[in-house]
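Engineer: What follows is a structure written as structure tokens; I'll ask about it next.
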Amino acid sequence: MKQDQLKGITRRALLSRSIATWALAVSGAGFIAAPDAAWALEVAVITPDQMATLLQMARDIYPHDKVADQYYAVAVKGYDAEDSKDMIAAGIAELDAAAVAQGHASYLAIGWEKDRVKVLQAIENGAFFQKIRGGLVTGLYNQKEIWPIFGYEGESFSKGGYIDRGFDDIAWL
Amino acid sequence: MVAKFDLNDDSVVVIIGTGAGGGVLANELAQKGVKVVALEAGGRYLPEDYLNDEWASFGQLAWTDTRTTSGDWRVAKDFSGLPAWIVKAVGGTTTHWAGASLRFQDHEWKALTNYGKVEGANLLDWPIDGAEMAPWYDKAEEKLGVTRTGNRPGLPGNNNYKVFEKGATAIGYTKVHTGRMAIQSSDETGNRVACQQTGFCFQGCKWGAKWSAAYTDIPEGEATGNLEVRDRSHVAKILHDAAGKVTAVEYYDKDGTLQTQKARIICVAGNTIESPRLLLNSASDMFPNGLANSSDQVGRNYMRHVTGSVYGVFDKPVRMWRGTTMAGIMQDEAHHAPERGFVGGYELETLSLGLPFMAAFLDPGAWGREFTSGLDSYENMAGLWIVGEDLPQETNRVTLSAEAKDQFGLPAPNVNYSDHPNDVAMRNHAYERGVAMYEAVGATRAFPTPPYPSTHNLGTNRMSEDPKLGVVNKWGQTHDIANLFISDGSQFTTGAAENPTLTIVALAIRQADHIASEMAAGTI
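If you read the sequences in order, they're chains W and U.
Counting from 0, one number per residue, gives the positions in the first sequence under numbering that gives the first Met the number 0.
Counting from 0, one number per residue, gives the positions in the second sequence under numbering that gives the first Met the number 0.
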């Protein structure tokens with residue numbers, strides 16, 4: 000498939016292409032077909048396979064089962080850019096080579112998280128892994144949209160602080 | 000009414016930095032009729048500008064000029080370009096500080112006498128003591144409006160404090176309360192707004208309930224007509240004459256143009272990393288090792304307190320971020336009791352971080368489910384911070400980097416720090432006690448969290464009786480140059496177990512009194 004044909008590929012199509020070998024077996028068909036998995040993920044510079052790899056990597060580095068894919072996608076979509084495509088290509092090649100060395104076809108082809116984590120551990124001291132991990136610390140956790148999933152309430156000044164909103168409401172002690 | 004002084008006016012006192020030391024000194028001198036030019040590297044931000052958003056606020060306020068790190072402290076690995084989390088703004092780190100305002104304990108002024116010689120440490124007694132400082136602490140507590148001093152009530156305890164207090168008392172601690180805080184606790188006992196329990200104390204108090212020089216001492220000083228604050232003015236070098244007296248400072252103004260301001264007296268208050276850096280960057284033919292450095296102690300004895308955090312995870316929500324960030328303290332371990340396996344003591348204080356900073360600081364560099372399952376319980380976490388006395392070591396020091404330069408091309412500071420075995424023993428003791436507190440109230444998991452980039456930066460121009468052992472005398476006046484003073488936490492001979500701001504403020508009030516009387520007497 001030519002690069003320009005891949006632009007605008009959906010998450011659903013991307014996942015079903017890239018991870019079909021295990022996705023049905025492990026995550027089940029419901030994951031791919033779920034309504035919130037139907038959002039479009041456009042890739043302009045890097046390949047859908049590479050974006051799918053970054054997404055899986057993001058989930059494996061900071062796995063939160065209650066946080067939907069779209070937030071991880073927001074955290075890594077910035078790598079779909081001219082100035083990072085070579086770094087991404089080289090890094091994913093390194094990642095896949097580590098997967099092959101551990102007897103897998105590729106990182107994305109691995110079904111179990113614990114096996115993917117072993118592959119990540121093989122490259123975790125390298126610049127590529129540290130770049131992706133470091134970027135996620137702000138790229139993922141500084142998205143205000145995910146804060147409610149963790150119970151965090153964010154800004155409070157505009158609401159008058161918590162003086163009348165439960166700063167001392169703990170009842171179970 | 001705001002003063003404007005000429006660059007060639009050599010009658011002014013020039014103060015470099017406007018935080019707890021420089022900002023207070025500037026106001027105190029201005030109140031006494033002394034003409035002051037205060038040069039501040041950062042910009043001006045007031046409560047309406049502060050942001051209830053951790054990373055955005057960090058971008059607005061933090062000092063992020065080029066710095067490098069070395070040594071075995073974990074900060075050098077996790078945050079290699081950010082040894083300290085301090086502020087670049089008018090008011091300095093008093094915008095960011097939590098407000099904890101504690102006096103030194105009497106024995107801490109004489110650490111060498113009371114602890115004895117400790118191998119590998121460079122302990123020294125301060126040339127002043129608790130009796131000398133008591134009246135200045137009184138003035139500092141009044142200025143800051145410290146709770147539980149004067150007629151000011153304590154702050155109410157938030158959720159995080161309630162967990163902390165119950166845990167501490169459950170394991171037998173008794174000196175537990177909501178702290179001595181420079182945060183207004185009632186409408187009747189001060190001129191500021193009372194605390195609205197908003198959280199985000201570290202991001203600048205949007206109510207102005209917490210004391211900060213940015214909206215108290217600075218405008219009060221400006222209102223006298225004796226103080227001119229030039230913001231976004233980065234001092235590059237201090238100049239001197241053939242007699243060895245300092246005469247002027249060179250600084251880059253807000254347009255990046257190099258200016259020279261003449262001065263009668265120069266007071267350096269740029270925080271413990273920038274102050275020695277400036278003295279070292281001001282080296283000349285007469286002072287090849289940097290200004291005021293005949294002792295070779297400039298930049299040495301860098302201290303940052305024994306710190307660390309403990310976060311406890313519970314089976315039910317705590318919501319620790321609600322309310323005052325640090326209004327909670329346990330002081331039963333603050334004394335000197337060497338049978339614990341270390342000299343000096345430590346405080347435990349409540350602390351919370353928002354989710355974004357928790358992700359960055361809970362276990363920097365960690366990844367995978369062991370880490371993320373902790374964050375999944377963020378809502379059920381309680382947190383505390385360790386503040387203990389670390390030991391001065393000659394090799395823990397600020398030096399000029401041979402390679403790294405700042406945005407003006409000036410050599411950047413390198414901060415080298417390694418824990419002394421005493422520091423490690425104290426931190427481990429505090430971790431164990433903090434975990435025990437939380438387990439006593441049902442914690443299902445606890446995280447002994449490593450130190451953050453330093454917020455308490457001390458000791459690199461230390462005070463000493465003997466000019467060979469330190470940089471400044473009991474007034475903060477450099478031993479070598481009579482009209483050059485140090486006015487920030489870099490004066491600290493030792494660090495004590497207490498958050499340092501109240502002591503920095505008390506020293507600045509006292510120094511202003513001394514400088515004004517010496518100027519009147521014509522001795523400087």
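All residues carry an ideal CB built from backbone N, CA and C; glycine is no exception.
To be precise: take each residue of the region 59-75 of chain W, compare its Cβ to all Cβ atoms of chain U, and keep it if any distance is under 9 Å. Which residues remain?
Structural biologist: Within the region 59-75 of chain W, the residues whose Cβ lies closer than 9 Å to some Cβ of chain U are ASP59, ILE60, TYR61, PRO62, HIS63, ASP64, LYS65, listed in chain order.
Engineer: What separation, rounded to the nearest whole angstrom, lies between the Cα atoms of ARG259 of chain U and ALA282 of chain U?
Structural biologist: The displayed chain sequence assigns Thr, not Arg, to residue 259 of chain U. If you take the alpha carbons of THR259 of chain U and ALA282 of chain U, they lie about 17 Å apart.
Engineer: Tell whether a beta-carbon distance below 8 Å holds between ILE480 of chain U and ALA235 of chain U.
Structural biologist: No.
Engineer: Where GLN142 of chain W and CYS200 of chain U are concerned, what is the direct C-alpha to C-alpha distance, given to the nearest angstrom?
Structural biologist: Going by the C-alpha atoms only, they are around 21 Å apart.
Engineer: To which residues of the same chain is ASN225 of chain U closer than 7 Å at the C-beta, ignoring the five residues directly before and after it?
Structural biologist: These residues qualify, in order along the chain: ALA2, ALA29, GLY32, VAL33, LYS34, VAL35.
Engineer: Out of W:GLY153, W:ASP64, W:ASP95, which has the shortest C-alpha to C-alpha gap to ALA104 of chain W?
Structural biologist: Residue W:ASP95 is the option with its Cα nearest to ALA104 of chain W.
Engineer: Should the region 323-335 of chain U be regarded as contacting the region 92-109 of chain U, the criterion being three or more beta carbon pairs within less than 8 Å?
Structural biologist: Counting Cβ pairs under 8 Å, three or more are found: they touch.
Engineer: Answer yes or no: do LEU50 of chain U and VAL86 of chain U have a C-beta to C-beta separation smaller than 8 Å?
Structural biologist: For LEU50 of chain U and VAL86 of chain U, no; Cβs fall outside 8 Å.
Engineer: Over the uninterrupted beta strand (DSSP E) stretch that includes THR448 of chain U, give me the two end residues.
Structural biologist: Residues 444-448.
Engineer: Could you check if PHE407 of chain U is buried or exposed, using at least 16 other CB atoms within 10 Å of its CB as the buried criterion?
Structural biologist: Result: exposed.
Engineer: Indicate whether the contact test is met: 3 or more Cβ pairs, each with one atom in the region 395-409 of chain U and one in the region 340-356 of chain U, closer than 8 Å.
Structural biologist: Contact fails: fewer than three Cβ-Cβ distances are below 8 Å.
Engineer: Hey, ASN280 of chain U and LEU409 of chain U are a contact pair by Cβ (cut 8 Å); roughly how many whole angstroms apart?
Structural biologist: About 6 Å; that satisfies the 8 Å criterion.
Engineer: With a threshold of 16 other CB atoms inside 10 Å of the CB of ASN421 of chain U, please say whether the residue is buried or exposed.
Structural biologist: With 16 or more Cβ atoms within 10 Å of its Cβ, ASN421 of chain U is classed as buried.
Engineer: Is there a Cβ from chain W that is less than 8 Å from the Cβ of GLU378 of chain U?
Structural biologist: Answer yes: the Cβ-Cβ gap between GLU378 of chain U and chain W drops below 8 Å somewhere.
Engineer: Identify whether GLN530 of chain U lies in helix, strand or coil by the three-state DSSP scheme.
Structural biologist: Any answer about residue 530 of chain U is impossible in this case: the structure gives chain U only from 0 up to 523.
Engineer: Using the Cα positions of ASP254 of chain U and ASP71 of chain U, report the straight-line distance between them to the nearest angstrom.
Structural biologist: Between ASP254 of chain U and ASP71 of chain U, the C-alpha separation is close to 39 Å.
Engineer: At a CB distance below 9 Å, what residues from the region 191-224 of chain U approach chain W? Give them in sequence order.
Structural biologist: If the cut-off is 9 Å between Cβ atoms, the region 191-224 of chain U has ALA193, CYS194, GLN195, GLN196, THR197, GLY198, PHE199, LYS205, TRP206 near chain W.
Engineer: Which residues of the region 111-141 of chain W have a Cβ closer than 7 Å to any Cβ of chain U? Give them in chain order.
Structural biologist: The region 111-141 of chain W vs chain U, Cβ under 7 Å: VAL116, ARG132, VAL136, THR137, TYR140, ASN141.
Engineer: Please report how far the alpha carbon of ASP295 of chain U lies from the alpha carbon of PRO287 of chain U, in whole angstroms.
Structural biologist: Approximately 11 Å between the Cα atoms of the pair.
Engineer: So, is THR112 of chain U buried or exposed, given that buried needs 16 or more other C-beta atoms within 10 angstroms?
Structural biologist: Exposed: under 16 other Cβ atoms inside 10 Å.
Engineer: Which residues does DSSP list as the beta-bridge partners of ILE485 of chain U?
Structural biologist: Note: ILE485 of chain U sits in a beta bridge opposite U:VAL267.
Engineer: Closer than 7 Å, Cβ to any Cβ of chain W: which residues of the region 33-67 of chain U, in chain order?
Structural biologist: From the region 33-67 of chain U, only ASN51, ASP52, TRP54 have a Cβ closer than 7 Å to chain W.
Engineer: Along the region 312-345 of chain U, where does the CB come closer than 9 Å to a CB of chain W? Name the residues.
Structural biologist: Residues PHE313, ASP314, LYS315, PRO316, VAL317, ARG318, TRP320, ARG321, GLY322, THR323.
Engineer: Hey, does GLU154 of chain W have any beta-carbon neighbour from chain U nearer than 8 Å?
Structural biologist: Yes, GLU154 of chain W lies at the interface with chain U (some Cβ there is under 8 Å from its Cβ).
Engineer: Take every Cβ of the region 235-247 of chain U, pair it with every Cβ of the region 73-88 of chain U, and state whether three or more of those distances are shorter than 8 Å.
Structural biologist: Too few Cβ pairs lie closer than 8 Å, so no.
Engineer: Give a yes or no on contact between the region 313-325 of chain U and the region 135-146 of chain U, applying the rule of three or more CB pairs nearer than 8 Å.
Structural biologist: The region 313-325 of chain U, when compared against the region 135-146 of chain U, does not touch it at the 8 Å Cβ threshold.
Engineer: Between ALA169 of chain U and ALA381 of chain U, what straight-line distance do the alpha-carbon atoms span, to the nearest angstrom?
Structural biologist: Cα-Cα distance, rounded: 16 Å.
Engineer: Based on Cα-Cα distance, which residue from U:MET436, U:PHE484, U:VAL470, U:ILE503 lies nearest to GLY171 of chain U?
Structural biologist: Ranking the options by Cα distance to GLY171 of chain U, first place goes to U:MET436.
Engineer: Which parts of the region 192-275 of chain U are runs of the beta strand (DSSP E), unbroken and 3 residues or longer, counting only runs that do not cross its ends?
Structural biologist: For the region 192-275 of chain U, whole beta strand (DSSP E) runs of length 3 or above, ordered along the chain, are 226-229, 233-239, 245-251, 257-261, 264-267.
Engineer: Please name the residues in the region 155-167 of chain U whose beta-carbon is closer than 7 Å to at least one beta-carbon of chain W, in chain order.
Structural biologist: Taking 7 Å as the Cβ-Cβ cut-off against chain W, the residues of the region 155-167 of chain U that qualify are PRO155, GLY156, ASN157, ASN158, LYS161, VAL162, LYS165.
Engineer: Which residues in chain W have a C-beta closer than 7 Å to the C-beta of ALA358 of chain U? List them in chain order.
Structural biologist: Under the 7 Å cutoff, chain W gives VAL136, TYR140.
Engineer: Please decide whether TYR161 of chain W counts as near chain U, where near means a Cβ-Cβ distance under 8 Å.
Structural biologist: Yes - at least one Cβ of chain U is within 8 Å of the one on TYR161 of chain W.
Engineer: Scan the region 64-117 of chain W and note each continuous alpha helix (DSSP H) run of 4 residues or more that stays entirely inside, going in chain order.
Structural biologist: With a minimum length of 4 residues, the continuous alpha helix (DSSP H) runs that stay inside the region 64-117 of chain W are 68-75, 81-100.
Engineer: How about THR366 of chain U: is its C-beta nearer than 8 Å to some C-beta of chain W?
Structural biologist: Thr is not the amino acid found at residue 366 of chain U; the sequence shown has Trp there. At least one chain W Cβ lies under 8 Å of TRP366 of chain U.
Engineer: Would you grab the beta carbon distance between GLU47 of chain U and THR17 of chain U for me? Rounded to a whole angstrom, and I think it's under 8 Å.
Structural biologist: That pair is no contact at about 19 Å.
Engineer: Tell me whether the region 171-187 of chain U and the region 133-149 of chain W touch, counting them as touching only if at least three CB pairs, one residue from each stretch, are closer than 8 Å.
Structural biologist: Taking 8 Å as the limit for Cβ pairs, the verdict is that the region 133-149 of chain W does not touch the region 171-187 of chain U.
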